[in-house]
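For reference, each letter of the sequence shown is one residue, going 187 to 774 in this note's numbering.
The block underneath contains the structure these notes are about, expressed in structure tokens.
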Amino acid sequence: MNQVDFYGLPRPVQDRLLESLSGQFEPRPILHHLGAARGAMRWLGVALGASLAVGLVAVVGLGRVDSALALHPLPVVALYAVLLAAVGVGLLSALEIKSRLGDLPFRPGLYLFGASLIDARDSRFRVYPLERLTRVTKGPGATVALVFGGEQFSFPLADPARADEAVQLIESAKNRLAILDDKGRFEIDPLQPPAVVSPLAPTTPHARSAPIWERQRWVAGILLGCLLGAALFWLRNTSSDNRMLAAAQSKNDVGAYRAYLARGKRHRDVVSSVLLPRAELRGAIALGTVAAIDQFIKDFPKTGIQPEVDAARRNAMVAELERAKAKGSLAALLAFAEAQPDHGLEAQLTEARRALFARAKARYRKEMPAGADDHSALIDRLLAHAEKVGAKKTDVGHRGPAVEIRFQRMPSKTLGRADAAIRKNPMFNGAASYPAQYFEPKRLEPIEAATATTIAERFAKVFEPEILTFVVGPPVEGESDEPPEVTAPTLVISHRLEWSGGAVARDNPRGVFIGILLFFKTVFVVPGDAALLKSKYTAGENVSHELIARHSDQPAAGALEAAVYDSMLKDGFEQFRGRYMAKWFEKP
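Next comes the structure, spelled out in structure tokens:
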């Protein structure tokens, strides 16, 4: 097999060859099979394979946040460049072949002449002399097959019946070559130069000037691959990043956004400052507590959704205040204010507090007796003072201002005369009969404390301890009839014990007992309030034989007198308490 470049032949040979290949002049081909070489298809196959490989590489991990290849690392750009360079070189090479074949001055194909088989499917001919023909046979169908060593060529026939004739013709042509001289060979070989050339014939050979892109197709393909590889690498990672963000947004939850932050890059700022905080904020809002919002703020001190955070915290604060209000107690409101010192709801909290104080007023009015308007007015002033002063935190919770219940003992004017009178009675029983000793402060203190405690407990049934507390205060010192100076609301109960003038003498058991009168005065003082609420009451306690008999089993001297006078004191204080509380409550 010999190789011949058509464009390298002399012009006379080129012209003679073109005339022969076209069948215009002798020598004409014995057989021919038109068709170009398949080199272009091979290069297209290379380009297609490289394109598929690029596509496969690009889709690996695309948009998958759970894949380590969601964003390709920088070294992968070299793989993109190599594959796209193969695509570029393949396409340019295929185009070069198509362009080159399109510029041929003959129809490409296989041409069998009497001297040789010319593979003219390209401008670079492959010439197979018939002397080297190994075998010629009828091929499958209407074809004739020629074998030159390890290569075989097939020529289709228009008439299958002429296959045998064609085989004989080819064999005959091969056999004739051995006896042909130069002239005879010239007549059957179009590649032989003519013996005589017309002086008027052109002498410049047919030539083809390839464009620069054909000559530099490898360089162009590689450069194009590098540029497109870098661009595709960037576009692919950008698309993958956008897909990961879109997938996270479709789920719109904390886990999805955290998964994006573990892989994604392009949208990290908006995810970390807006989308993730917004998802976390929804979870905190769902918990419905200020603590949850505050924990969110601690976890995300700086976000791009600060107005939403502020609104969420305010809404949570309002909801928490509403829950405190729903409990219907001042303690709940105070606990709210203490737990949320920066609540920013002063107006709403003040309104809620006022509502509770108004409810306390209304509750008292439901329990006060008819005609107790002056007492109701004092309660209004007392509650206004309590609202102004406010409650304080104690070991047992919040407690409102204390209303002290204090007793003042006024000196008796007649007990001394009673002692003198008793001494003259025939039933005088010695020192145990003197009555004054049974009305000393140590005997009055327990009764006073019990009375004050009972009064405090009755008021406490109406007023919550967070609003007002009622306590037993210390005794008022001195004997002045003027109200004492106080710093807390105070109910002062002044009492004076006098001899009623009567007495009861007994011989069994022996003794003399006096009757008593208890004079009570009350004044209710509210600090800063000039209006005082005053009242008076007198309780009389006479000694009855029945009372003495009830306590006559006392064995020790003076025990009977102590029991009788103690009972009289308790009855007198109970009378006072009942009458006094009846002024305050319909059911004292």
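Positions of the beta carbon are idealized from the N, C-alpha and C atoms, including for glycine.
Treat the numbers as computed from the prediction; the structure is a model and nothing was measured.
Taking Leu414 as the centre and dropping the five residues before and after it, the same chain places the C-beta of Leu270 closer than 7 Å to its C-beta, in chain order. Linking Leu281 to Arg464 through their CA atoms gives a straight-line distance of about 56 Å.
For the pair Thr676 and Arg592, the CB atoms are nearer than the 8 Å cut-off.
Taking all protein chains in view, the Cβ of Pro651 is crowded by 16 or more other Cβ atoms within 10 Å, so the residue is classified as buried.
Taking the Cα positions, Val476 is about 53 Å away from Phe762. The region 765 to 774 and the region 639 to 658 touch, with no fewer than 3 CB-CB distances between them shorter than 8 Å. C-alpha of Ala387 to C-alpha of Arg202: approximately 12 Å in a straight line. Note that the C-beta distance between Asn728 and Gly688 is below 8 Å. Under DSSP, Asp693 takes part in a beta bridge, and its partners are Arg696. Judged by DSSP in its simplified three-state form, Met227 adopts helix. In the structure shown, Met754 adopts helical secondary structure according to DSSP, grouped into three states. Per DSSP, Met596 is one residue of the beta strand (DSSP E) stretching across 588 to 596. Separation of the CB atoms of Leu257 and Arg449 is rounded to 7 Å, and the pair is thereby assigned contact status at 8 Å. Note on geometry: alpha-carbon atoms of Val504 and Val457 lie some 29 Å from one another. The beta carbon of Tyr620 sits closer than 7 Å to the beta carbons of Asp605, Ile608 from its chain, once the five residues preceding and following it are set aside; these are given in chain order.
In the three-state scheme derived from DSSP, where H, G and I count as helix and E and B as strand, Tyr620 is classed as coil.
Taking C-beta separations shorter than 7 Å and ignoring five residues to either side along the sequence, the partners of Lys451 in its chain run Leu257, Asp427, following chain order. With a cutoff of 8 Å on beta-carbon distance, Phe419 and Val251 are scored as not near each other.
With respect to the 8 Å criterion, Leu568 and Val712 are classified as neighbours on the basis of their beta carbons.
By the 16-neighbour rule on beta-carbons within 10 angstroms, Leu260 is exposed.
With respect to the 8 Å criterion, Ala406 and Leu278 are classified as neighbours on the basis of their beta carbons. Under the three-state reduction of DSSP output, Lys547 falls in the helix class. Pro597 and Arg682 have their C-alpha atoms spaced approximately 6 Å apart. Between Ala272 and Val232 the beta-carbon gap is near 6 Å, inside 8 Å, which marks them as a contact. Pairing Leu207 with Tyr297 gives a Cβ-Cβ distance under 8 Å.
Residues Ala517, Pro651, Glu652 of the same chain have their beta carbon placed closer than 8 Å to that of Gly583, with the five preceding and five following residues left out of the count.
Judged by DSSP in its simplified three-state form, Ser425 adopts helix.
The beta carbon of Pro294 sits closer than 8 Å to the beta carbons of Leu220, Gly221, Ala222, Ala223, Leu287, Ala306, Arg307, Asp308 from its chain, once the five residues preceding and following it are set aside; these are given in chain order.
Here the alpha carbons of Arg310 and Glu400 stand approximately 16 Å from one another. When the Cα atoms are used, Ala725 and Ala638 turn out to be separated by approximately 17 Å. Note: Gly274 is not bridge-paired with any residue in the DSSP secondary-structure output. By the neighbour-count criterion, in which 16 or more other beta carbons inside 10 Å mark a residue as buried, His571 falls on the buried side. DSSP, reduced to helix, strand and coil, places Val657 within a strand of the structure shown.
For Asp715, the CB contacts under 8 Å within the same chain, skipping 5 residues up- and downstream, are Arg567, His571 in chain order. A distance below 6 Å between beta-carbons, with the five flanking residues on each side excluded, links Ser753 to no residue of its chain.
Where His584 is concerned, the enclosing beta strand (DSSP E) starts and stops at 583 to 585.
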